[in-house]
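Those protein sequence lines, which keep their order, are chains G and S.
Read in order, the letters of the first sequence correspond to residues 1457 to 1631 in the numbering used here.
Read in order, the letters of the second sequence correspond to residues 38 to 789 in the numbering used here.
One structure is given here, and the rest of the page talks about it.
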Amino acid sequence: MPSKSVIRLTVNGDLHEIAVSPMETLNQVIRDGLRLTGTKRGCTSGSCGVCTINDERGQAILSCISLAVEWDGRSITTVEGVERDGKLHPLQQAFLELGAVQCGVCTPGLIMSAMGLLNTNPHPDQRAIDEALAGAICRCTGHIKVKKAVAHAIQQIAAQAATQAAGAEPHGPPA
Amino acid sequence: MARRPDLHAVGKNQPRLDGFAKLSGRSEFSDDVQLPGMLRGRVVRAGISHGRIVNIDISAALRVRGVKSIVTVDDKPNPIIGMYQPLLNRTVRFIGQEIAAVAATDDDAAFEAASLVKVQYEPLPAVMDLEKALVPGAPQLHAKAPGNLAWEANEAFDEPDAVFAASDRIIESSYASNPSHNCYAEFHVCVADFSRADKLTVWSPTQSAVLFQKTLATAFGLTEGNVRMMTLNTGGAFTGRGMARPHHFIAALLSRKARRPVKLRSYSDEEFMMGRAGGRAQYRFRTGVMRDGRLRALEADLLVDAGAYIETQMLFPRITAPFFHLLYKVDAIRYRARLVYTNNLPYEWHHGGGIAQMHFGWGQHLDLVAREVGLDPVEFHLMNAVEKGHTTRKGVTFASCGLKECIQKAAKKAGWKRKYGKLPPNKGIGIAIGAMASGAKGLYKHDTSAAFIKVGEDGTVSLLTGIPDMGQGSHTTMAIIAAEVLGIEPVDVTIIAGDTDVTPFDLGAFSQRGTFTTGNAVKAAAEDARSQLLKVAAARFDYKPAQVVFRARQVYPKGRPEQGIAFKQLVYDTLHSREGRAVMGRGFYNSPKEVGSMAYSFGAQIAEVTVDPDTGFVRVDRMTVAHDLGRAINPRVVEGQIDGQVFSGMSQVLYEEVLMDDGQPLNPSRLEYKLPRAFEVPEVDHLLIETIDPYGPFGAKEVGEGPIVCTVPAIANAVAMAVGEQIREMPISPWRVLRAVSRQQDQDDDAA
């Protein structure tokens, strides 16, 4: 049995000290160690996208092909870290309202893929949306409502930002 | 869509009740289950196609630290699953067959031990091709199936020979479909806890907890009640999760031997060994038609590669045969289907249940018939389509039928007249029609779903149902139906499901019985609860029960909402009376039919495609989907069902093929086994045709598998128009398109 080493990993803002073996993946640490099972285990070879999480820059990464020992001192966000205080993120809300959720296994991966897009490109066009979702396979929805939900959420977030910016102006014109 | 003003919950878009949990990472699937002391399992699979096992040596595997149990053919009892297949078998008949299995304290130990199990074989000649398997002298798979013929079904109605002879034209064509895989988002997984010899608990995705209970109980000598199925959420099913499979039995065997819970889960390419979706099938169709386009006689001959064992494939002929009766008014029908044993993986079901795959050929054949008699396919389908009140040769009468309306509305929406025959080169448009039963009468004598409703003191409702939700949204649909009857909101309903110790009987979510059958059961249970409340309400208002209205969480005399009281007040008063009535509704539904269904859905779809003549790639530009679903209980979920089937149909007809080399899958991963990505899916127009079926709950029929039956042939027909000839083998992969394109170019050159 190869010996374990301890890593310090921040998950959804909480710091954890975890003993990991050299072959252990982030996916195993998150699911089996921390019991955060919102992140799914799929193909375990980086081809289906259900294990997608975000790194500290907000980028989408595949937890099933990320070795945990390489993540010492780093920080990740899983799907459990997206909804706050019982309130869904606008992206999740759009998925819910526009019917982009079916069986729910790929859903966390789709949310984290789309979050990765929003975090790194606030004004993506359809091509960028399509590319961000290309690594996540969804058999139930056929991606059709997923694409609509992501586009809708981007509009909502932009509109909210515009309203907030207008409201922040001390003597600005009425929006 | 016509909204009935007296319906307050049915027909409104209701977001999924489990949506919050699924979106926030809280919903639990079988692979998320962790039990104290749980072991991890690993299966040892055969590396040869056909042979006898001379020896299994597990001594090295047993020495691996952490190994708690190893099961082999020597373990007794070794249950028989399917036809003539002991679970762990001394004869190997396909690459990937389960030979032994290991359970250990962690995955690494289980993998290591499994790799140390040594198996010695005495090889036998193998046969992979289904036609070669039927040739005299071919290697034989099972002594009980001489000539490798596993199953044969023959049906004839009226006088096919005489009607063919009386037809003006007889048109014949042949097609084939190839091996495929379901690619569920949730991989095959089973957690079994058989620590106690008298109780087996199983966590696994399923379409039918009841059928799993039955087969597992029989295999292990238990009663059904001593097998507890925990379904939790099911991560997609697509016809493939109806029956317990080898991994379920193996997980139970390992757990029984180790006296600890065991999780058995497939890893990457193993998923394609456990998967077993569609296999190779060949279809020959023959049609007798009059000069004016009137159909007279239909004949079909199906040859299906069953693979090495039969688990449930014998249902294939029973499921596909009725479809020759459902679409067209004809005078005679003949049908033959043969299942053939080969040394391939046991092939079973893919999305569309064999029906969509058969329609790849059937829909193209009918398109050919239309063109041979010089008719536009839309006119041809309209001329021959069944309608409300029609009785098929098999004796099924359609109480509702919107087939013609589907054809007309789809044609209008897609601009068929403007486009058909007038498109520029490499563009194509195609139509196909389909039908589907809502219900499964015939598998057993009954087709029962039951439901139980508990009305809480505060007016909230718990609905207990045995129907699994594998993404189709049935739980939300059931909440809407209960809410409609009780005059409350769907969000007031809590669904209790997925545990057979608690939930009432339900055959399951297959054969499109969910909305229709379970929906009727839930409606009955809600009506039972309401009738208990009505008594108190009617007395209070001094009105007849029939004149009391339940709506918007209020109960009031008809036409006098101002006299109303809150639903929860009525519930409270009913309990806090001298009678102390606790309100609990029960209901069940079973089709009064001997076989078949009370309700059939119908559909028509038009596909528009662009073919790239240089690469052979087919892009689906637009799908126009018209589906007669009786009534849309939850329209946005209905659209989602349609979208998913358009995707899956497009994927099957254009992309999906498990390439086999002497029984070995060559592309067993989601990178190599291609599905369409987000940027390849088309725009979809949804036309929901509401014919309000007299037997469906609030008029609803199925929408879970009817649409895909049309998608597959509609796209094939559009490609045929773009390319100039039919491509008769599925999938229509780029290389098959290129071959057809170059053949067409050669013909053009010859003509020039």
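We put the CB at the ideal spot given by N, CA and C, even for glycine.
Quick one: list the residues of chain S neighbouring residue i, beta-carbon separation under 9 Å, in chain order.
i: Gln1548 of chain G; result: Gly56, Phe57, Leu60, Ser61
i: Gln1536 of chain G; result: What sits at residue 1536 of chain G in the sequence shown is Glu, not Gln. Here the neighbours are Ser61, Gly62, Arg63.
Buried or exposed: which applies to residue i, given that a residue is buried once 16 or more other Cβ atoms fall within 10 Å of its Cβ?
i: Lys425 of chain S; result: exposed
i: Ser628 of chain S; result: buried
i: Arg1540 of chain G; result: exposed
i: Met327 of chain S; result: exposed
i: Val472 of chain S; result: The question names Val, but residue 472 of chain S is Ala in the sequence shown. Classification for Ala472 of chain S: buried.
i: Pro672 of chain S; result: buried
i: Thr652 of chain S; result: exposed
i: Pro703 of chain S; result: Checking the sequence shown, residue 703 of chain S turns out to be Leu, not Pro. That one is exposed.
i: Gly1628 of chain G; result: Model confidence at Gly1628 of chain G stands at a pLDDT of 43, short of 50, so the residue's coordinates are unreliable; what they give is reported in the following sentence. That one is exposed.
i: Leu440 of chain S; result: buried
i: Ser214 of chain S; result: buried
i: Asp1581 of chain G; result: exposed
i: Trp772 of chain S; result: exposed
i: Asn270 of chain S; result: buried
Could you name the residues of chain S that residue i contacts, counting a contact when the two beta carbons are closer than 7 Å?
i: Asp1586 of chain G; result: Ala715, Phe716
i: Val1506 of chain G; result: Ala222
i: Ala1590 of chain G; result: Arg714, Ala715, Phe716
i: Arg1497 of chain G; result: Asp68
i: Gly1529 of chain G; result: Chain S residues near Gly1529 of chain G: none, gap ~24 Å exceeds 7 Å.
i: Pro1578 of chain G; result: In chain order: nothing, as chain S lies at least about 20 Å away.
Between the Cα of residue i and those of the options, spot the shortest distance and give me the residue it belongs to.
i: Lys1601 of chain G; options: G:Leu1554, G:Ile1486, G:Ala1592, G:Gln1549; result: G:Leu1554
i: Gln549 of chain S; options: S:Leu570, S:Gly262, S:Gln509, S:Ser214; result: S:Gln509
i: Lys117 of chain S; options: S:Thr255, S:Phe201, S:Val70; result: Correcting the residue type first, residue 117 of chain S is Ile in the shown sequence and not Lys. That would be S:Thr255, whose Cα lies nearest to the Cα of Ile117 of chain S.
i: Arg265 of chain S; options: S:Phe353, S:Thr276, S:Val239; result: S:Val239
i: Leu848 of chain S; options: S:Pro719, S:Tyr212, S:Ala636; result: No answer is possible for residue 848 of chain S: the residues shown for chain S start at 38 and end at 789.
i: Pro114 of chain S; options: S:Asp195, S:Leu125, S:Ile107; result: S:Leu125
i: Ala234 of chain S; options: S:Asn263, S:Lys459, S:Tyr481; result: S:Asn263
i: Ala187 of chain S; options: S:Ala199, S:Pro197, S:Glu196, S:Leu171; result: S:Leu171
i: Ala374 of chain S; options: S:Gly391, S:Pro383, S:His387; result: S:Gly391
i: Asp495 of chain S; options: S:Pro541, S:Leu612, S:Pro505; result: S:Leu612
i: Gln782 of chain S; options: S:Pro462, S:Ser499, S:Pro527; result: S:Pro462
Interface residues of chain G around residue i at Cβ under 9 Å?
i: Gly508 of chain S; result: Val1557, Gln1558, Cys1559, Gly1560, Val1561, Arg1595, Cys1596, Thr1597
Please state whether DSSP places residue i in a helix, a strand or coil.
i: Gln701 of chain S; result: strand
i: Met507 of chain S; result: coil
i: Ile533 of chain S; result: strand
i: Cys661 of chain S; result: In the sequence as displayed, the identity of residue 661 of chain S is Thr instead of Cys. The answer is strand: DSSP assigns Thr661 of chain S an E or B state.
i: Ile670 of chain S; result: coil
i: Leu1523 of chain G; result: strand
i: Gln600 of chain S; result: helix
i: Leu1589 of chain G; result: helix
i: Ile525 of chain S; result: coil
i: Ala422 of chain S; result: strand
So which residues of chain G does residue i contact, with C-beta pairs closer than 8 Å?
i: Pro52 of chain S; result: Leu1552, Glu1553, Gly1555
i: Thr271 of chain S; result: Cys1559
i: Phe684 of chain S; result: Arg1595, Thr1597, Gly1598, His1599, Ile1600
i: Glu676 of chain S; result: Gly1555, Lys1601
Would you mind telling me which residues of chain S sit closer than 8 Å to residue i, beta carbon to beta carbon, in chain order?
i: Thr1500 of chain G; result: Tyr304, Ser305
i: Leu1544 of chain G; result: Phe57, Leu60, Ser61
i: Ile1567 of chain G; result: Leu60
i: Thr1533 of chain G; result: Neighbours of Thr1533 of chain G on chain S: none; closest Cβ ~11 Å, over 8 Å.
Determine which residues share a DSSP beta bridge with residue i and list them.
i: Val778 of chain S; result: Note: Val778 of chain S sits in no beta bridge, so no partner.
i: Asn185 of chain S; result: Answer is none; Asn185 of chain S lacks a bridge partner.
i: Asn191 of chain S; result: S:Arg373
i: Gln157 of chain S; result: S:Asn92
i: Gly325 of chain S; result: S:Ile207, S:Ala334
i: Pro123 of chain S; result: S:Ile117
i: Arg1530 of chain G; result: G:Leu1465
i: Asn270 of chain S; result: S:Phe66
i: Ile1517 of chain G; result: G:Ile1509
What does residue i touch in chain G if you count any residue whose Cβ is under 7 Å from its own?
i: Arg278 of chain S; result: Under the 7 Å cutoff, chain G gives no residues; its nearest Cβ is about 11 Å from Arg278 of chain S.
i: Asp680 of chain S; result: Thr1597, Gly1598, Ile1600, Lys1601
i: Arg707 of chain S; result: Cys1499, Ser1503, Cys1504, Ile1593
i: Val721 of chain S; result: Ile1600
Which residues in chain A have a C-beta closer than 9 Å to the C-beta of residue i? List them in chain order.
i: Arg673 of chain S; result: Annotation note: the requested chain A is absent from the structure, which comprises protein chains G and S.
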